[in-house]
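Working notes, structure below.
Residue numbers (this note's numbering): 549 to 632.
Below you can see the structure in the form of structure tokens.
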């Protein structure tokens with residue numbers, strides 16, 4: 549079926565819903581059962597972090613770096629030089 553839903557499982561859901569409600573599912577004003585899926589409004593996704601955060605420790609020395617994600621390639625070059 550479209551949208552990856554098993555037809556047998558969907559029919560079972562309909563029958564279960566009809567049994568719980570004590571009758572047929574709600575029909576449109578013209579008597580036709582609406583087909584397809586109803587659109588659902590989802591809350592906006594949370595924004596991804598915009599910084600790269602790295603903490604390095606060597607012996608008693610600790611370095612914490614926060615770098616903008618938009619400059620990731622420059623960060624990689626800086627990190628390569630730092631770790632040489």
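Heads up, the beta-carbon is just placed ideally off N, CA and C, and yes, glycines get one too.
Because the structure is a prediction, the values reported are computed rather than measured.
So which of 561, 621, 567, 632 has the shortest CA-CA distance to residue 600?
-> 621
Where do the N-terminal and C-terminal ends of the alpha helix (DSSP H) with residue 614 fall, by residue?
-> Not the alpha helix (DSSP H): residue 614 falls in the beta strand (DSSP E), residues 609-616.
How far does the alpha helix (DSSP H) with residue 557 in it reach, from first residue to last?
-> 555-569
Would you kindly report the start and end of the unbroken alpha helix (DSSP H) that includes residue 630?
-> 620-630
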